[in-house]
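Protein chains: 2
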Amino acid sequence: MSKNVYFCLMYSFTEENYLKAIYKLQEQSDMAINTNAIATAIQTKAASVTDMVKKLSEKKLLKYEKYKGVELTHLGKRIAIETVRKHRLWETFLHNKLNFSWDEVHDIAEQLEHIQSQELIDKLDEFLGFPSHDPHGDPIPGRNGVIQQNNFILLSELSVGESGIISGVVNHSNLFLQHLEKNQLVLGKKLLVQEISAFDQLVKVQIEDKHLQQLSNEVVRNILVKKLS
Amino acid sequence: MSKNVYFCLMYSFTEENYLKAIYKLQEQSDMAINTNAIATAIQTKAASVTDMVKKLSEKKLLKYEKYKGVELTHLGKRIAIETVRKHRLWETFLHNKLNFSWDEVHDIAEQLEHIQSQELIDKLDEFLGFPSHDPHGDPIPGRNGVIQQNNFILLSELSVGESGIISGVVNHSNLFLQHLEKNQLVLGKKLLVQEISAFDQLVKVQIEDKHLQQLSNEVVRNILVKKLS
DNA sequence: AAATATTTTTAGACTTGTCTAAAAATGTAT
DNA sequence: ATACATTTTTAGACAAGTCTAAAAATATTT
Ligand SMILES: [Mn+2]
Ligand SMILES: [Mn+2]
Ligand SMILES: [Mn+2]
Ligand SMILES: [Mn+2]
Chain A
-14 MSKNVYFCLM
-4 YSFTEENYLK
6 AIYKLQEQSD
16 MAINTNAIAT
26 AIQTKAASVT
36 DMVKKLSEKK
46 LLKYEKYKGV
56 ELTHLGKRIA
66 IETVRKHRLW
76 ETFLHNKLNF
86 SWDEVHDIAE
96 QLEHIQSQEL
106 IDKLDEFLGF
116 PSHDPHGDPI
126 PGRNGVIQQN
136 NFILLSELSV
146 GESGIISGVV
156 NHSNLFLQHL
166 EKNQLVLGKK
176 LLVQEISAFD
186 QLVKVQIEDK
196 HLQQLSNEVV
206 RNILVKKLS
Chain B
-14 MSKNVYFCLM
-4 YSFTEENYLK
6 AIYKLQEQSD
16 MAINTNAIAT
26 AIQTKAASVT
36 DMVKKLSEKK
46 LLKYEKYKGV
56 ELTHLGKRIA
66 IETVRKHRLW
76 ETFLHNKLNF
86 SWDEVHDIAE
96 QLEHIQSQEL
106 IDKLDEFLGF
116 PSHDPHGDPI
126 PGRNGVIQQN
136 NFILLSELSV
146 GESGIISGVV
156 NHSNLFLQHL
166 EKNQLVLGKK
176 LLVQEISAFD
186 QLVKVQIEDK
196 HLQQLSNEVV
206 RNILVKKLS
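Chains A and B, in that order, give the protein sequences. First residue of the first sequence: -14, per the working numbering; consecutive thereafter. First residue of the second sequence: -14, per the working numbering; consecutive thereafter.
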C-alpha cells in the first residue's frame, strides 16, 4: 500500500491492531505492557513487537523504553479507542441488521474496523440508533472517545435470592458464546439465584420466572449481570 | 499481512484490484490488455504491473505472454466479478441504508469490497432485498457470477418525441454525478426529448411531465436511459 | 530497410511487516 | 555473588508490493 492518500492522518491496519491490543492489555493490568504480552495478544513474535513498538514510538503513539515495556500516549489511546468504537459498531450492525449470531460477529468486525471513513462510522452509528452496547454487552465508545463504564457484576457475585439481568460476558470465546446461546442465556434475560451448592458451587438459577437451570462455576464467573435492586 | 488464515483460497487486496481493473478493461476493449493500460487504470507504474501480472499468471488467474498483454482466465474473471459484486452491493448499502449520495459511495466501497466473508455478502444481499442494480445503475452480479446485461441506451440516442427513464451513467466521476444530482437528473426520472438544436446539439428535455431543461451534448452522451415503448 | 519512437521488461533498490537465531539485559535461585 | 532462566533486543533474511533508470522488444516513420 502506502499509496492510498487520505485527507487526514492515517494508520495502517497493523498499527491499529497493535494499538488496540496494547490498549486492552493496559485496561487489564494498569502497568507498563511488556513485549511478550503484546506478542501473545497479537499472535506474533517478540522480535516483531520490538520492531513495531519502535515505529509507533517514533510516531508518538506510545512511550517506549528498552526493556521497560510500553505505554500508550494520549494520541495512541485515542486511536485505539476509535478502533474499538468501529469494531463494536460493526459487530452491532452484523448482529442487529444482518442477523449474525453473537459468536460470528467478531472475526468479520476485525476486518471492518479498519475501513477508513469518519463519515461512514457516523452514519452507521446513526443507522443503528446510536447503540450504547455491542452484542456482547461491551460499551461502545462515543465519537468523543468517552466510554460509558458498565457497573455490571459477575453472576457469581450474586447471593441466593438476588436477581439480575444478563448484560455481558467476560469470556468472549466462540465456544462459550455458543454454549450460552444454546442454553438461552442471552443478553437481557432475567435470572434469579435460587441455590448455590456448598459442595460443587453449582448455581441453580431461575430464568425469566420460568424454568430452572444449573450453571457451572466456569459459567457464572464469565457472565456479567446488572443487579436488580 | 500474509498472516490471516481463511478457510478458503484468498486473494490479497492488491490482487483483487488488479483483477478488477483488468476485467473492466477487457469488457471495454475485447483485445488482450496491455501493461500500460493496466498501469493507468490502477494508478501505478508499468514496471509494477509487469511484476504483478507474472504473479497472477503463476496463480492461474490470467494468461500472460511477454510483450503480448494479458487475458483473464476463467478463475481470474470469476474473482474479478465477485469483487465487482461486493463493490456494488456495498455501494447500494451505503446509498440505500446510510443515505450517502451516489457520488460518495464509490471510494468507501473500494475499501469494503475487500472484506473477506462469503456469508457477509450473502446476508448483505438479502438485507438489501437482492438488488439488481447499484446506485449508478450498474448491474449487480449474482452469487453465481452471472451479470444481467442492461439494454439501456444513451440519452443522446433518443430522437425528438421519444422518452426514457434515467437508468445509469457512463461517466462515473464525482463531478458529473454531483452535476446530475443538482439538476435532479437522478435514476428513475422520466424524460421526454422535446427538441435537439441543429446548431449546438443542446437537447431540450421535459422532466417528469414538469419543467424543461437544456442538456449539453456532454451530459446526454453520459446518461443511460431505458427507452419507453 | 533504417532510423526513430513507444512500450515493455529487467535490474536493483526501498518500505512495511514478518521471521529465526544469536546476543544482551534482566530476574531468580542457590 | 554466582549460576541459571527468562525476557528482550539485535542482526540478518524474507515476502509483497512499489519505484526509478536502463535495456530490450515492438511499432511507426521516413
Ligand atoms: Mn469483538
Ligand atoms: Mn464485542
Ligand atoms: Mn463504484
Ligand atoms: Mn457503482
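Glycine is no exception: its CB is placed at the ideal position from the N, C-alpha and C atoms.
Pairwise C-beta distances place the segment 106 to 125 of chain B out of contact with the segment 183 to 202 of chain B, as fewer than three of them are shorter than 8 Å. Short note on His80/B: C-beta not closer than 7 Å to any heavy atom of ligand 4. Under DSSP, the beta-bridge partners assigned to Lys48/B are Glu56/B. With contacts defined by Cβ atoms closer than 8 Å, Val155/A and Leu209/A form a contacting pair. Cβ atoms of Ile93/A and Ser102/B come within 8 Å of each other, at about 5 Å.
Interface residue (Cβ-Cβ distance to chain B less than 8 Å): Gln101/A is classified as such. Ranking Leu213/A, Thr29/A, Ala65/A, Glu50/A by CA distance to the CA of Ser148/A puts Leu213/A first. With respect to the C-alpha of Ser144/B, the residue from Tyr49/B, Leu177/B, Leu97/B, Val69/B having the closest C-alpha is Leu177/B.
In summary, the residues of the segment 97 to 128 of chain A whose CB is separated from some CB of chain B by less than 9 Å are Leu97, His99, Ile100, Gln101, Ser102, Glu104, Leu105, Lys108, Leu109, Glu111, Phe112, in the order they occur in the chain. Counting only runs of 3 or more residues that sit fully inside the segment 129 to 190 of chain B, the beta strand (DSSP E) segments are 148 to 154, 175 to 181, in chain order. Ile192/A sits in a strand when the DSSP states are folded into three classes. Contact annotation for Asn84/B against chain A: Lys108 [CB-CB distance below 7 Å, chain order]. Assignment of Lys30/B by DSSP, reduced to helix, strand and coil, places it in the coil class. For ligand 1, a non-hydrogen atom lies closer than 7 Å to the CB of Ala94/A. Bounds of the alpha helix (DSSP H) holding Lys108/B are 103 to 112. Think of a sphere of 9 Å around the beta carbon of Ile93/B: the chain A residues whose beta carbon falls inside it are Ile100, Gln101, Ser102, Glu104, Leu105, in chain order. Counted as a single uninterrupted DSSP element, the alpha helix (DSSP H) harbouring Leu4/B occupies residues -2 to 14. Distance from Gly54/B to Asn19/B at the Cβ level is roughly 4 Å; contact confirmed, criterion being Cβ atoms closer than 8 Å. In this structure, His99/A has its CB at a distance of at least 7 Å from all heavy atoms of ligand 2.
Shortest Cα-Cα distance from Leu4/B to any of His80/B, Gln163/B, Val190/B, Ile64/B involves Ile64/B. In this structure, Leu162/A sits near Trp87/A, with a CB-CB distance shorter than 8 Å. Sequence-distant partners of Ser42/A (beyond 5 residues in either direction) whose C-beta falls short of 8 Å from its own C-beta, in its chain, are Lys48, Tyr49, Val55. Per DSSP, Leu97/B is one residue of the alpha helix (DSSP H) stretching across 90 to 97. With a threshold of 7 Å, the Cβ atom of Glu166/A does not count as near ligand 2, since no heavy atom of the ligand is closer than that.
Between the alpha carbons of Met37/A and Val204/A lies a gap of roughly 37 Å. Non-local C-beta neighbours of Asp123/A in its own chain, meaning closer than 7 Å and more than five positions away in sequence, comprise Arg73, Gly153, ordered along the chain. Here DSSP, grouped into helix, strand and coil, assigns Ile64/A to helix.
For Asn202/B, the uninterrupted alpha helix (DSSP H) segment begins and ends at 202 to 205. Ligand 3 never approaches Glu67/B closely enough for any of its heavy atoms to be under 7 Å from the residue's Cβ.
In the DSSP assignment, Lys211/A falls within the beta strand (DSSP E) that extends over 208 to 212.
About 11 Å separates the beta carbons of Gln191/A and Leu200/A, which is beyond the 8 Å limit, so they are not a contact pair.
Going by beta carbons, Pro126/B and Arg70/B fall inside the 8 Å limit.
The three-state secondary structure of Leu74/B, taken from DSSP, is helix.
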